[in-house]
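Structure first, commentary second.
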Amino acid sequence: MSSEFNIGRKNKNNSSDFPNPFARVTDTTCRECHHKIKREKLVEELQVCPECGFHMPMHPYDRIATLVDEGSFTEFSQEL
């Protein structure tokens, strides 16, 4: 229902004003030098910024995957 009081007001619920929280992130920014890096490049470089050499946090499972042969790691006591 249109109201005469809303004439000329900007629609506050415009979905284009808000970023999509489900959009796929393709770039990230280095915390140290603020250089923009493609996610694929960062994965190739093992989470190390190619510009300044800053080591970004890596998930523990990703770290283990870089250290051991595939299929040779068995996790136990996950609750520790």
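Residue numbering for the sequence shown follows our numbering, starting at 189 and increasing by one per position.
Idealized CB from N, CA, C, for every residue including glycine.
Being a predicted model, the structure only gives us computed values, none of them experimental.
Roughly how many whole angstroms lie between the Cα atoms of residue i and residue j?
i      : j      : result
Phe261 : Asp250 : 12 Å
Thr216 : Val256 : 27 Å
Glu258 : Leu268 : 23 Å
Glu263 : Glu232 : 25 Å
His222 : Glu228 : 17 Å
Ser265 : Thr214 : 35 Å
Arg212 : Pro248 : 22 Å
Cys218 : Met246 : 13 Å
Ile252 : Phe210 : 28 Å
Can you check whether the CB of residue j is closer than 8 Å to the CB of residue i?
i      : j      : result
Phe242 : Glu220 : yes
Leu234 : Thr254 : yes
Since residue i and residue j are thought to touch, with beta carbons under 8 Å apart, how far apart are those beta carbons, to the nearest angstrom?
i      : j      : result
Cys237 : Ile225 : 6 Å
In the DSSP output, which residue or residues are listed as bridge partners for residue i?
i      : result
His243 : Val236
Asp215 : Lys226
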